[in-house]
Every structure is written in structure tokens, then in C-alpha cells.
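Participant: Residue numbers (the working numbering): 33 to 277. Beta carbons: idealized from backbone N, C-alpha and C, even for Gly. If you're wondering where the values come from, they're calculated on a predicted model, not measured in any experiment.
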Amino acid sequence: MPHLTSTTGTGVRTALGIPGYAHPLVAPAQWAELARPGTPLDWVVLDVAAGPDTRPDPHCLEAAGRLRATGVRVLGHLDLTYGARAFGDLLSDAHHHLDWYGVDGFLLDRCPSERTALPEVRRAITTLRAISDTAHIVLGHGRHPHPGYAENADQLVTFSGSWSDYRWSQAAEWTADYPPDRFCHFVHGVPRAHLDEALRIARWQGAATIYFTDRTDRDGRADPWETMPGYWDDIVSRVGTGVSE
Numbered sequence: 033m034p035h036l037t038s039t040t041g042t043g044v045r046t047a048l049g050i051p052g053y054a055h056p057l058v059a060p061a062q063w064a065e066l067a068r069p070g071t072p073l074d075w076v077v078l079d080v081a082a083g084p085d086t087r088p089d090p091h092c093l094e095a096a097g098r099l100r101a102t103g104v105r106v107l108g109h110l111d112l113t114y115g116a117r118a119f120g121d122l123l124s125d126a127h128h129h130l131d132w133y134g135v136d137g138f139l140l141d142r143c144p145s146e147r148t149a150l151p152e153v154r155r156a157i158t159t160l161r162a163i164s165d166t167a168h169i170v171l172g173h174g175r176h177p178h179p180g181y182a183e184n185a186d187q188l189v190t191f192s193g194s195w196s197d198y199r200w201s202q203a204a205e206w207t208a209d210y211p212p213d214r215f216c217h218f219v220h221g222v223p224r225a226h227l228d229e230a231l232r233i234a235r236w237q238g239a240a241t242i243y244f245t246d247r248t249d250r251d252g253r254a255d256p257w258e259t260m261p262g263y264w265d266d267i268v269s270r271v272g273t274g275v276s277e
């Protein structure tokens, strides 16, 4: 059984965080579905072309505008490449996301997790908040980082991976000191029959923002997040309603 951090995971309202679908020209119906009123979304990541691209994209601008008009936060995708990304390039991408698409914050993808990298990540977050003081900052570690990262961002992605790993995963003990709305879990390859089990794991481990899909990464050859799960309507109906033990 997964490690249970605390009983505060039950009764928490869960919402969906969308890691980033394919370009709106490729997946127009999926972007339109996200803008449907009442969909339990926390935020949606806009990843135009591994970032904001080199010029404004009218299709992405339209898609982001529809979401923001319904009150959904849109986050710009920033790739930290595990600390190897040049600070100037990161800042340039952030400005483009803000100027071209009016994003409400950022997902800092491939964020390093080690304590030694914390000062540089803190510097990036401080700068992002300086250019957008209301920015919602999500750190995309994909695993549990040094606990110091939790003091600097709004949310941390503490799991990103396969269902086979997730169902036996353990939450770091320090996460029990924070409310569930500080943590996100992204899980691919979740069978429809195990949706309720996956939601129970997220709640017991204290993660209130989740994204589950039956798509897989095909052993690293595909992006499992770029299309909606085949059971989209099922997961929308379950999220936020609670799952009994």
C-alpha cells in the first residue's frame, strides 16, 4: 500500500492540473473542452513550442484567452533543464509568455530537486515574481525534492510517472506539514478501472492537484500528456466529489 502521510488527505477537494496538451491546431476539440464551464480545473499549462516560441501564436492566444475568460489560470511552460538553462533565456521566455499570452503564472518544468540547486531556483522564482507579482509558480520536480523548495513556490509536482510506480509510491514525511493544495501528482497509464484507487492514493498522500491519464509514454517514445485520457468524462465527474475508502 502507498505510504499515507496523514488523514488530512481525505475530504480535500481535488482539481485537475493540465500539464500541457498538443498545439490548439492539432487538438482543437480538447482545448475547447477545457473551456467548458464547471470543469474542475486548477490550472492549464500553455506550451507553445517547448516554451513560448519565437513569435506570438494567434491560435494559442485564442485558446488561452478562452480559458482565462472562464476563470481558469493559464501557466506558461518554462524548462529549467534540471538547472542547466541559462538564466537570461529563462527570463526572456517568461516575458514572452506574459507579453504575448497574458499567463497567470509558470510551470518550471524539469526543476532540479537537490538542496545545492535551491539558491538558483529561488533566484528564478524571485525574479518571476518581480515581473509578475501575482504569478502562480509550480515547480515540476516530478519527485520529492529537498523540503526547502516548498518555502519558495505555490505548488510542487512531487510525482510524475507511471501508474505501476505510483500505486506503490510513498510520500516524503515532510509533506505532511503542508496542506494538500501545495502538491501535484501527474500519473500516466492509469487504467479506467483503477481511477478511484488512484484518486484515493492522491488524497491520502496529500496532493490536491492531479492529472491521471490512460495514455502511456510507450517506453519514453511518446508524450502521455499531450492528449486527453479516454475516460475524460469519468475523471471530471469523480474529481472534487470525494472517494470513499
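#1: Would you kindly work out how many angstroms separate the C-alpha atoms of residue 47 and residue 189, rounded to a whole number?
#2: Could you give the first and the last residue of the continuous alpha helix (DSSP H) run that contains residue 143?
#3: If you run the structure through DSSP and keep just helix, strand and coil, what is residue 124?
#4: Check whether the segment 84-101 and the segment 45-63 touch, using three or more Cβ-Cβ pairs below 8 Å as the test.
#5: Under 8 Å: do the segment 173-180 and the segment 223-238 share three or more Cβ pairs, one atom per stretch?
#6: Which residue wins for smallest C-alpha separation from residue 212, given the options 242, 127, 225?
#7: With H, G and I counted as helix, E and B as strand and the rest as coil, what does DSSP make of residue 271?
#8: Using the rule of at least 16 other Cβ atoms within 10 Å of the residue's Cβ for burial, across every protein chain shown, is residue 124 buried or exposed?
#9: What whole-angstrom Cβ distance do residue 132 and residue 60 have, given they're in contact under 8 Å?
#10: Going by Cα to Cα distance, which pick from 155, 144, 63, 138 is closest to residue 174?
#11: Under the rule that 16 or more other beta-carbon atoms within 10 Å means buried, what is residue 164, buried or exposed?
#12: Since residue 262 is in the beta strand (DSSP E), which residue starts that stretch and which ends it?
#13: With distance defined between alpha-carbon atoms, name the residue in 219, 136, 66, 147 nearest to residue 257.
#14: For residue 250 and residue 166, what's the separation of their Cα atoms in angstroms?
#15: Could you have a look at residue 134 and say whether DSSP puts it in helix, strand or coil?
#16: Residues in its own chain within less than 6 Å of residue 260 by CB, not counting five upstream and five downstream?
#17: Which partner residues does residue 244 have in the DSSP bridge list?
#18: Grouping DSSP H, G and I as helix and E and B as strand, with all else coil, what is residue 74?
#19: Can you tell me which residues form a DSSP beta bridge with residue 48?
#20: Measuring straight from C-alpha to C-alpha, what distance separates residue 69 and residue 268?
#21: Grab the span of the beta strand (DSSP E) containing residue 91 for me, first residue to last.
Facilitator: Taking the structure as given:
#1: 14 Å
#2: Where residue 143 is concerned, there is no enclosing alpha helix (DSSP H), given that its DSSP letter is neither H nor E.
#3: helix
#4: yes
#5: no
#6: 242
#7: coil
#8: exposed
#9: Wrong, their Cβ atoms sit about 20 Å apart, outside the cutoff.
#10: 144
#11: buried
#12: Unbroken run through residue 262: none, as it is neither H nor E.
#13: 219
#14: 38 Å
#15: coil
#16: 62
#17: 219
#18: strand
#19: 73, 242
#20: 12 Å
#21: Premise fails: residue 91 lies in the alpha helix (DSSP H), 90-101, not in any beta strand (DSSP E).
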